[in-house]
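Structure first, then comments.
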Amino acid sequence: MFSRLLSQVSGTRRPRYPSAILALEGPQYMDVLHIIPETRETEKFGMSHPSRSTFYCDGTKEVHREYLGSVVLYIGDGEDQTTLLDEISRRAIAYLNKHSEFASGKDANRTVQLIELAFRNVVCELLEQKKGRSPPRNAAQEYPIFIIQVDRPKPGSIMSLNLTSFPRTW
26 MFSRLLSQVS
36 GTRRPRYPSA
46 ILALEGPQYM
56 DVLHIIPETR
66 ETEKFGMSHP
76 SRSTFYCDGT
86 KEVHREYLGS
96 VVLYIGDGED
106 QTTLLDEISR
116 RAIAYLNKHS
126 EFASGKDANR
136 TVQLIELAFR
146 NVVCELLEQK
156 KGRSPPRNAA
166 QEYPIFIIQV
176 DRPKPGSIMS
186 LNLTSFPRTW
């Protein structure tokens, strides 16, 4: 808290690291897919909805949100949020690997733009494929899908795996 006050008074700001995430929102939770710009690895995690409407996790803050559409999952056919995010991840990485700009990773802002473009294209393709199907009897509800531009406090993953509140039992 003191460091935040000191930085406000002195006018210095911590560097921010832009990124983009794909969020699949359920009624009580959000499943998140993040392609880490610095390492090109994927990070998937779920979180309960925070009390506020904007995304915030371990210092990562939402900058902008774009609604892409909604999907109805066929639970009886083995579709769920995890399999959908796995499919989006696989297709988005394949899309990004075709772009030499992504492979070089020299321009962080351009890399984030390419990740957003990959998410947008892949989700639009998947929604188009699912459009013609008849409504399932055993489907869950509709899940809205968003691209969320975020600022991270440090490069790398968003979700910290350091458990500080609970003792390790394994």
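Position in the sequence shown counted from 1, then plus 25, gives you the working numbering.
Glycine included, C-beta positions come from ideal geometry on N, C-alpha and C.
Problem - Straight-line Cα distance separating arginine 145 from tyrosine 120 - result: Their Cα atoms are separated by approximately 11 Å.
Practice task
Whole angstroms is fine: what's the gap from glutamate 63's alpha carbon to glutamate 50's?
Solution key: 26 Å
Practice task
Inspect the CB distances between the stretch 103 to 113 and the stretch 146 to 157 and report whether three or more fall short of 8 Å.
Solution key: Short answer: they touch.
Problem - Straight-line gap, glutamine 53 to proline 169 (C-alpha atoms, nearest Å) - result: 13 Å
Exercise for the section: Output the distance between the C-alpha atoms of arginine 193 and serine 185, rounded to the nearest integer angstrom. Expected result: Here the model assigns arginine 193 a pLDDT of 46, short of 50, so the residue's position is not dependable, and the following value carries that caveat. Taking the straight line from one Cα to the other gives about 15 Å.
Problem - Best match in Lys155, Asp132 and Val147 for proximity to serine 44 [C-alpha to C-alpha] - result: Asp132
Exercise for the section: Verify the contact flag: glutamine 138, CB atom, against every heavy atom of the ligand MN, threshold strictly below 8 Å. Expected result: As far as ligands go, the structure on display features none, and thus does not contain the ligand MN.
Handout entry: leucine 152 in three-state terms, based on DSSP
Key = Leucine 152 falls in the helix class under three-state DSSP.
Exercise for the section: Check whether the Cβ atoms of glutamate 68 and serine 182 sit closer than 9 Å, and answer yes or no. Expected result: yes
Problem - Nonlocal neighbours in the same chain, by C-beta distance under 8 Å from glycine 94, ignoring five residues either side - result: Once the five neighbours on either side are set aside, the close Cβ partners of glycine 94 are Val148, Cys149, Leu152, Pro169 and Ile170.
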